[in-house]
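Shown next, in structure tokens, is the structure this report addresses.
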Amino acid sequence: MNARRVLVVSQPIRIAARHIGTRVNPTRQATAAASITPQPYNHPTVITALTQQDEIELVKTVREYRALRNRWFREGKSIGFVPTMGALHEGHVSLAAQARRENDIVVSSIFVNPAQFAPTEDLSKYPRTLAGDLELLDGAGVDVAFVPPVDEIYPAGIVLDVESQTGSFVDVKGKSHQMEGMIRPHFFRGVATVVTKLFNIMQPTRSYFGQKDAQQCVVIKSMVRDLHIPTEIVIAPTIREHDGLAMSSRNRYLSPEERSVAPILYKALAEARSAYDRGYNARDDIILAAQRVVEAEPRVKLEYLSLANPFTLKEERHVTRTNGAILSGAVKVGKTRIIDNMLLGISVERWSSQS
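Under the working numbering, the first residue of the sequence shown carries the number 5, and numbering increases by one thereafter.
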């Protein structure tokens with residue numbers, strides 16, 4: 005693949021300046037995505053930023069990607085895949101960096117999935133920062149960014165009202181309707197559907213997800229097992245800000261005052277984990293320890309706290325030595341939802357490797 009820079013306005017943008025699969029040691033510092041004003045993908049400032057990329061290839065169609073994937077198959081290359089919705093941060097970068105260490109090729113998708121938004125949620129307000137996202141992925145050594153339009157992923161079209169949707173969807177029963185599913189009833193249907201589609205397109209050797217979205221990890225692991233999808237799911241530890249707040253694309257919605265109280269969920273979970281470390285393993289003791297911390301902060305609304313089996317997501321009465329537990333919760337700070345979790349009695353490595 006010859007080095008080239010192409011400025012395209014009306015056609016799909018494509019950048020390629022190294023042989024795919026060549027390992028590099030990026031030296032360019034990534035621009036913080038939070039500092040970039042969201043712009044449409046065909047906006048002149050985005051086009052300019054894209055033409056300055058010289059380390060990553062942008063692919064927009066399944067046909068384009070599969071041409072690359074077929075070549076990698078013939079060459080016996082392993083593929084690491086990092087699915088994202090864009091608005092990237094250092095948590096995503098850490099996943100991409102791990103994928104870079106463990107695979108010959110690294111691919112990341114950037115796709116804001118309409119199917120996981122409810123009609124009451126504003127899909128149009130989700131931050132879109134493609135130029136900054138590509139900069140971050142480039143710095144982590146990602147080879148290909150798959151950035152498809154909506155109709156490439158949903159050929160039958162997609163609307164937010166579930167009852168009006170047409171086409172094929174995936175629903176993981178028993179693990180999608182508790183915890184986050186209580187607040188967002190159709191969320192994991194949308195997640196499972198788009199991830200299944202992406203796995204089918206990408207055909208990755210390994211796929212990387214962050215522990216922060218613990219329920220999503222369990223849903224996807226279950227789906228991969230049930231549908232016999234040949235990819236290894238790798239779960240990486242949550243990446244946090246200096247004060248413990250889990251890194252999230254949602255954090256950019258917080259005002260300065262809201263940001264100052266946002267770590268309260270982390271502090272609550274840490275207090276509950278401390279109780280567990282001191283020998284308290286009963287559900288009531290652990291949940292109460294976290295609940296007291298959250299309820300002491302009047303600017304935060306508690307949505308739920310959960311102590312669940314890390315493989316089935318069934319609520320536990322005690323933390324068992326056999327399985328451990330996921331301690332998780334969600335709070336609302338202003339209009340922004342914060343989710344977080346901690347593992348009790350089980351390491352992220354064991355949780356990741358077991359079904």
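A virtual CB, placed ideally from N, CA and C, is assigned to each residue, including glycine.
Whose CA, out of Ser98, Gly161, Val163, His322, lies closest to the CA of Asp142? Position 138 of the sequence shown, counted from the start, is the residue given in the question as residue 142. Checked all of Ser98, Gly161, Val163, His322; the closest Cα to Asp142 is Ser98.
Expected contact under 8 Å - CB spacing of Ala100 and Val116 to nearest Å: As a working note, residue 100 is residue 96 in the sequence shown. As a working note, residue 116 is residue 112 in the sequence shown. Not a contact, Cβ separation roughly 18 Å.
CA-to-CA distance, Ile239 to Trp355, given in whole angstroms: Counting from one through the sequence shown, the residue named residue 355 turns up at place 351. Counting from one through the sequence shown, the residue named residue 239 turns up at place 235. Using only the alpha carbons, I get a separation of about 8 Å.
Would DSSP call Ile83 helix, strand or coil? The residue given as residue 83 occupies position 79 in the sequence shown. In the structure shown, Ile83 sits in a strand (DSSP, three-state: E or B).
Could you spell out the range, first to last residue, of the beta strand (DSSP E) harbouring Lys305? Here residue 305 refers to the residue found at position 301 of the sequence shown. Counting along the chain, the beta strand (DSSP E) containing Lys305 begins and ends at 304-312.
Could you tell me the boundaries of the alpha helix (DSSP H) in which Gly194 lies? Taking the sequence shown and counting its residues from 1, the one referred to as residue 194 is at position 190. Gly194 -> alpha helix (DSSP H) spans 191-206.
Under the rule that 16 or more other beta-carbon atoms within 10 Å means buried, what is Lys201, buried or exposed? As a first step, residue 201 must be located in the sequence shown, where it is residue number 197. With 16 or more other Cβ atoms inside 10 Å of its own Cβ, Lys201 counts as buried.
Based on DSSP bridge pairs, tell me the residues matched to Phe150. Here the question's residue 150 lines up with position 146 in the sequence shown. According to DSSP, Phe150 bridges with Val63, Ser113.
Threshold first: 3 residues or longer. Then list the beta strand (DSSP E) segments lying entirely within the stretch 219-267, N to C. For the stretch 219-267, the continuous beta strand (DSSP E) assignments of 3+ residues that do not extend past its boundaries occur at 236-240, in sequence order.
The stretch 258-265 in contact with the stretch 228-243 per 3-pair CB rule at 8 Å: No contact exists between the stretch 258-265 and the stretch 228-243.
Buried versus exposed call for His177 [16 or more other C-beta atoms within 10 Å across all chains shown]: Position 173 of the sequence shown holds residue 177. Here residue 177 is Lys; the residue named in the question, His, does not match the sequence. By the neighbour-count rule (16 or more Cβ atoms within 10 Å), Lys177 is not buried but exposed.
To the nearest angstrom, how far is the alpha carbon of Arg277 from that of Val63? Counted from its first residue, the sequence shown places residue 277 at position 273. Counted from its first residue, the sequence shown places residue 63 at position 59. Their backbone Cα atoms lie some 43 Å apart in a straight line.
Where the beta strand (DSSP E) through Arg354 begins and ends: Counting from one through the sequence shown, the residue named residue 354 turns up at place 350. For Arg354, no beta strand (DSSP E) run applies; the uninterrupted alpha helix (DSSP H) run containing it begins and ends at 352-357, by DSSP.
Applying the criterion that 16 or more other CB atoms from any shown protein chain within 10 Å of the CB defines a buried residue, is Arg287 buried or exposed? Locating residue 287 in the sequence shown gives position 283, counting from the first residue. It counts as buried.
Bridge partners for Val337 per DSSP, in chain order? By one-based count along the sequence shown, residue 337 stands at place 333. Val304, Thr340.
Express the C-alpha separation of Ser168 and Pro189 in angstroms, rounding to a whole number. Here residue 189 refers to the residue found at position 185 of the sequence shown. Here residue 168 refers to the residue found at position 164 of the sequence shown. Our two residues, Pro189 and Ser168, have alpha carbons roughly 16 Å apart in a direct line.
What number of angstroms, rounded off, separates the C-alpha of Phe121 from the C-alpha of Met251? For this step, residue 121 is matched to residue 117 along the sequence shown. For this step, residue 251 is matched to residue 247 along the sequence shown. If you draw a straight line from the Cα of Phe121 to the Cα of Met251, it is about 20 Å long.
Which two residues bound the contiguous beta strand (DSSP E) that contains Gly214? Walking along the sequence shown from the start, residue 214 turns up at place 210. Where Gly214 is concerned, the enclosing beta strand (DSSP E) stretches over 210-214.
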